[in-house]
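Residue numbers (this note's numbering), protein chains in the order written: chain U, 1 to 358; chain Y, 1001 to 1358.
Using N, Cα and C, we set each Cβ at its ideal position, and we do this for glycine too.
Below: the structure, in structure tokens.
There are 2 protein chains.
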Amino acid sequence: MSPDAVRRFDASQLHEQIVAVLRAWGMPGEPADATATVMVETDLSGIDSHGVSMLMLYEELRAGNRLKLDAVPEVVRDAPAFAVVDGGAGLGHPAGLHAVELAIHKASVCGIGAVAVGNSHHLGALGHYVRKAAQRGLVALMTTTTRTPVVAASGGTTPILGTNPIAFAAPRAGGGELVVDMSTSVVAMNKVKAYALKGQDLPSGWVFDRQGRPVTDAALAYSLLTTREGTLGPLGGAGPETGGHKGFGLGLMVQVLSAAFSGAALPLDDADSDNLGHFVLVIDPTGAGESGATARYVDDLLGLLVRDEPDVVLPGSPEAVARADRGRNGIPIPESLLEHLRGICDRAGTDMILTPLG
Amino acid sequence: MSPDAVRRFDASQLHEQIVAVLRAWGMPGEPADATATVMVETDLSGIDSHGVSMLMLYEELRAGNRLKLDAVPEVVRDAPAFAVVDGGAGLGHPAGLHAVELAIHKASVCGIGAVAVGNSHHLGALGHYVRKAAQRGLVALMTTTTRTPVVAASGGTTPILGTNPIAFAAPRAGGGELVVDMSTSVVAMNKVKAYALKGQDLPSGWVFDRQGRPVTDAALAYSLLTTREGTLGPLGGAGPETGGHKGFGLGLMVQVLSAAFSGAALPLDDADSDNLGHFVLVIDPTGAGESGATARYVDDLLGLLVRDEPDVVLPGSPEAVARADRGRNGIPIPESLLEHLRGICDRAGTDMILTPLG
């Protein structure tokens, strides 16, 4: 089987496989099940970089004793509408889910609720979390810091901030949600990696060397980024003419929201680099005595956007298309990743149960 | 005096002049004073497009009976940490200040507070409001809708969203604040106007005609934007390769936060186009039992950014430089604007008291 060969796998079998690995690693049943649900949903949504493929990193962190699989997220500061949670150096998924549920509870009492999480790890794609809140009629905003410093300050060439994503979701009357989920860098790291794997040149303006010169060789660019010898442009590009200072400002906002309240790591603090921070805000429009006007507004707004425009792509719609396809036809996994998963199962002492569909 | 001639004016005299005009228009003393303070602070910060020059638009709206100078913002829905305010079709400044104070109060009780405002008007630069909160040790996020539809959806060419700005501020230990204040379009409208006034060509990628072709003639571009015959790119540019879909997603987020809770206008609803919406979120880190760690984090973070980088420009620092200069040397006003102000005073039946410094 060529490493590029891609076969499809059933979502529920993939879920079972992930649970088996996480449990073998020492994660209790409930958080293992919740984590697997987030990971499989992420693969179903077509965000392959943040789903089951992340098991490789998690295995590495666990092996280095930097990831506590049996961590229990704990509220360390609490106000009626705001809390700070210590993730206990565990995987970000249970901590993120805990934060969203706590923010939803606070919003149901106070109209809004926010939770900052520190001492956490990677939590997958933020879109998953805010979409779950929107499916319950709520509006949600979420941010997280990320591990690798890649974005420089405006006017600088030192990689400092991560790709620091923002996600936002709101319910749509009649069903469905508006979901925005984006890094505050010009592209996510995995986009550069994907170009490298395909041997394609990068567009100018994505990656720069430490002298600020554009790098278009994708393999070189990815290697510069992973060794801190290059930078990824912020959203808006490198200079102020195209708004690069704005993308950098957004990245700073994400850093402060996600890390400042919860004592998560500062950038470049290598001794503390596993200490990621997340932030979630939930607004319950009905908590202020309104019945459905917010969801109707969102539906009317999205309707306007596509009214006379057949080519408009709404945020979240590529993910919805992927969910429809993959829910029906299975999740595509390349042989190269399957081979990694076999190794992970083997080292964890659990069976590899994945069998391709069709 | 040539219309381009620029002389400097004392900030307190400008404040007195604005108060006199607003009072002559029928605004009570307290909101007139508060509004003038925001407008003068905005001019002091170098954001000339959003300060005293806005009196021309306000006069036009008042003349059309679309602006109620004696409006009193009113809380129409209230939860412990969230409220919705009706601006009463008044100027946005008193409504915005009211919203920030209410959000601060709610945050002092609940840890966070948020307020959505509808039925409001232009409120100046958002940076002013969030900076005031940060000066009190709080973290603040603010958004607003804007009047003129200029940004198209990803893949579309119809101008729909406004420049929909976002502002964020956080306190810095040892004094000062981090302030991010940005439109979610590639540039603000006034940047295009400034290029037109100087007869400079625009960079490609700022403005597009209805066929999606770049327009670099600045005067033509500005005229296309004001007549809805052109579009302003979102932050990130026109296409997905440079992240234009992300800037558009941010603009949508701003639209929903600012307008969906408060019943502010949908885009393209011309009968309702004066009905702007704002949203402000305030987080009180001390409300969750923390003492100063957030401000120390922000200070450490900003320190890191400039540590080895002499050319880094921090968000908010151009405005701080302008405040230092203009506080000392006065606010520059071109003769062309002075001439407009003379006419406004004349029509309002109040004296023009502005006299240049030096």
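Item, Value
"Min CB distance Y/S1154 to chain U below 7 Å", "yes"
"Contact set between the region 1296 to 1315 of chain Y and chain U, restricted to residues whose Cβ is under 7 Å from the partner", "Y1297, V1298, D1300, L1301, L1304, L1305, D1308, E1309, D1311, V1312, V1313, P1315"
"Beta carbon of U/A32 nearer than 7 Å to that of U/V19", "yes"
"6 Å Cβ shell around U/G155 - same chain, five flanking residues per side excluded", "none"
"Segment limits, beta strand (DSSP E) that includes U/T144", "139 to 144"
"Beta carbon of U/G124 nearer than 7 Å to that of U/V38", "yes"
"Amino acids of chain U, ordered along the chain, whose beta-carbon sits closer than 7 Å to that of Y/M1182", "K246, G249"
"Buried versus exposed call for Y/P1149 [16 or more other C-beta atoms within 10 Å across all chains shown]", "buried"
"Any C-beta of chain Y under 7 Å from that of U/A218", "no"
"Of the listed residues U/L22, U/T286, U/D4, nearest to U/I344 (C-alpha basis)", "U/L22"
"Below-7 Å beta-carbon distance, Y/F1208 vs any chain U residue", "no"
"The region 113 to 131 of chain U / the region 79 to 92 of chain U touching (three or more Cβ pairs under 8 Å)", "yes"
"Cutoff 7 Å: Y/F949 Cβ touching any chain U Cβ", "Since the first residue shown for chain Y is 1001 and the last is 1358, residue 949 of chain Y is missing from the structure and cannot be characterised."
"Residues near U/Q200 in its chain [Cβ-Cβ closer than 7 Å; skip 5 each side]", "A218"
"Chain U contact for Y/A1170 (CB, 7 Å cutoff)", "yes"
"Cβ-Cβ distance between Y/A1011 and Y/I1353 below 7 Å", "no"
"Neighbour flag for Y/E1241 against chain U, beta carbons, 7 Å", "yes"
"Continuous beta strand (DSSP E) stretch holding Y/L1276: start and end", "1276 to 1283"
"Beta carbon proximity, U/F9 to chain C, threshold 7 Å", "In summary, chain C is missing from the structure at hand, where the protein chains are U and Y."
"Below-7 Å beta-carbon distance, Y/F958 vs any chain U residue", "Because residue 958 of chain Y is not part of the residues shown, which for chain Y are 1001 to 1358, the question remains open."
"Same chain, Cβ closer than 6 Å to Y/E1335, five either side skipped, listed in chain order", "M1001, P1003, A1005"
"Y/V1321: contacting residues in chain U (beta-carbon distance under 7 Å)", "Within 7 Å Cβ-Cβ: nothing; Y/V1321 doesn't reach chain U, min ~14 Å."
"Y/E1359 versus Y/L1055, Y/N1065, Y/V1085, Y/E1041, residue with shortest Cα-Cα distance", "Examination of residue 1359 of chain Y is not possible in this model, given that chain Y is present from 1001 through 1358 alone."
"For U/L178, three-class secondary structure by DSSP", "strand"
"For U/V254, the first and last residue of its enclosing alpha helix (DSSP H)", "244 to 255"
"Contacts around U/F82, its chain only, beta-carbon distance under 6 Å, and the 5 residues preceding and following it disregarded", "A114"
"Whole-angstrom distance between U/L220 and U/L232, CA atom to CA atom", "13 Å"
"Cβ neighbour criterion (16 or more within 10 Å) applied to U/D70", "exposed"
"Limits of the beta strand (DSSP E) - the one that Y/I1333 falls within", "1331 to 1334"
"Cα-Cα separation between Y/G1247 and U/D181, rounded to whole angstroms", "11 Å"
"Any chain Y beta carbon closer than 7 Å to U/L235", "yes"
"Alpha helix (DSSP H) runs contained entirely in the region 1146 to 1227 of chain Y, provided each spans 4 or more residues", "1189 to 1198, 1218 to 1226"
"Beta-carbon gap between U/L126 and U/A167 smaller than 7 Å", "yes"
"Minimum C-alpha distance to Y/G1137 - residue among Y/P1356, Y/G1327, Y/A1295", "Y/A1295"
"DSSP-derived helix/strand/coil call for U/E16", "helix"
"Inter-residue Cα distance where the pair is Y/E1241 and U/M189", "14 Å"
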